[in-house]
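With numbering that gives the first Met the number 0 applied, the sequence shown covers 0 to 334. The beta-carbon is built from N, C-alpha and C at its ideal position, and this holds for glycine as well. If you're wondering where the values come from, they're calculated on a predicted model, not measured in any experiment. Written below as structure tokens is the structure these notes are about.
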Amino acid sequence: MGSPSPYAAAHLDPQGAGDARPTALQIIKDEGAEGKLAGKVIVITGATSGIGLETARALKTTGATLFLTARNRSKAEKNLAGILEPGRVSLIDLDLDSFASIRAGAKEILAASKGQVNILINGAGVMGIQNRTLTEDSIEAQFSGNYVGFFLLFQLLKEALLVSVTPELNSRVVVVASSAHRASTLPSSDNYNFEKSGYNHETAYNNAKLAAVYLANTIERLYGSQGLHATSLHPGAINTDISRNMPPEFLEAIMTNPYILKILKSSQQGAATTVWAAVGKEWEAKGGKYLEDCKEADRGEDDGQTFGAGWVKQTYNPEEEDRLWKDSLKIVGLE
């Protein structure tokens, strides 16, 4: 059980996007984090649209130096026009679907930050790719964009995160996962890319999101004692560009479903749990938990519901987490 959340009441009876549930900026204010991270370095992937952009907007107010990764620089510059600031909020060219690009981007971040990284937010995401698609490194596209890219970026920034730990401020990794992980069990080691079974875009998404949860759990187990902590989270249901690959009839069914419309969050609200995980005092020297609605998730029903609440039996599984970690080192060529 997590500690009682000051935001619990607002989440009990949601009334749709823009209701009383907290926004990312409200979290910054409530945590007293404005201007408190000057001289610290935050790296955010997926910050060029949707909830990632709102995450960047809120975290800029902490005074930290931000490095925002972008696959498409011109689109990023347009979307982030009011947020970018020379020397303090910078774009880094980095495509999570390319190991070469991740390596080059990580190198650029480390050079610019002089080897300092205090918080890494893995917030990019992709869903609904209808046909099995492989990246240039032969990784299934949803597994790549929602997990493998994060794993490699973490490995490349790990030493910087470890050396940046101070007694006053431990380092943090925040992994944006999804309640969709509740509908998955980790594939066998020879079937991450659907080599052995028929491709299904929903299964691919769910699997990648479970892998993302396992990434945070394993980082905490391996490095928590050294002051490097990690959490994973479900941001909530948000209508953003992530659903661009979904068929129109699916989107229409979702956007006319009364239950979904009630639980839907705005992008500003969707970024709140990420920001809480990144700067919340609650997570100063601990991690390894799955969060939702600005609190540690409670035990949920093992019902396989992608929109269900709470953690389920497969959310925490050290054996499977270790298997995935070993396999991932092999996949990215770091074993």
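Expected contact under 8 Å - CB spacing of residue i and residue j to nearest Å
i	j	result
residue 112	residue 66	7 Å
residue 63	residue 46	So it is not a contact: roughly 13 Å between Cβ atoms.
residue 202	residue 320	Wrong, their Cβ atoms sit about 19 Å apart, outside the cutoff.
residue 51	residue 43	6 Å
residue 76	residue 91	Actually they are not in contact, since the Cβ atoms of residue 76 and residue 91 sit about 13 Å apart, beyond 8 Å.
residue 30	residue 280	6 Å
residue 81	residue 181	36 Å between Cβ atoms; not a contact.
residue 214	residue 306	Not a contact, Cβ separation roughly 22 Å.
residue 276	residue 259	About 24 Å; that fails the 8 Å criterion.
residue 330	residue 138	7 Å
Residue j beta carbon less than 8 Å from that of residue i
i	j	result
residue 105	residue 155	yes
residue 69	residue 23	no
residue 173	residue 121	yes
residue 317	residue 171	no
residue 231	residue 289	yes
residue 93	residue 100	yes
residue 212	residue 54	no
residue 268	residue 8	no
residue 204	residue 126	yes
residue 153	residue 119	yes
residue 134	residue 189	no
residue 103	residue 278	no
residue 136	residue 193	no
Cβ shell of residue i (< 8 Å), same chain only, five flanking positions each side left out
i	result
residue 284	169, 226 and 228
residue 34	60, 61 and 62
residue 25	271
residue 325	334
residue 157	222 and 227
residue 332	98
Nonlocal neighbours in the same chain, by C-beta distance under 6 Å from residue i, ignoring five residues either side
i	result
residue 309	296, 297, 298 and 299
residue 132	140
residue 184	313
residue 87	64
residue 301	311 and 312
Residue i classed as buried or exposed, judged by whether at least 16 other C-beta atoms fall within 10 angstroms
i	result
residue 271	buried
residue 292	buried
residue 265	buried
residue 257	exposed
residue 165	exposed
residue 335	In this structure the chain extends from 0 to 334, so residue 335 is not present and cannot be described.
residue 0	Reliability fails at residue 0, whose pLDDT of 46 lies under 50, so the model's placement of it is uncertain and no value is given.
residue 224	exposed
residue 286	buried
residue 117	buried
residue 177	buried
residue 85	exposed
residue 335	The chain is shown from 0 up to 334; residue 335 falls before or after that span and cannot be answered.
residue 247	exposed
Bridge partners - residue i, DSSP secondary structure assignment
i	result
residue 164	Note: residue 164 sits in no beta bridge, so no partner.
residue 289	231
residue 172	119 and 229
residue 84	88
residue 298	310
residue 44	121
residue 139	133
residue 193	Paired residues: none, contrary to the question.
Same chain, Cβ closer than 7 Å to residue i, neighbours up to 5 away in sequence not counted
i	result
residue 328	334
residue 207	141, 142, 145 and 146
residue 175	121, 122, 124, 232, 234 and 273
residue 13	20, 261 and 262
residue 72	90 and 92
residue 114	159 and 162
residue 10	20 and 292
residue 18	none
residue 179	204, 205, 208 and 305
residue 282	171, 228, 230 and 276
residue 74	47
Neighbour flag for residue i against chain B, beta carbons, 8 Å
i	result
residue 199	Going by chain labels, chain B is absent from the structure shown, which holds only one protein chain.
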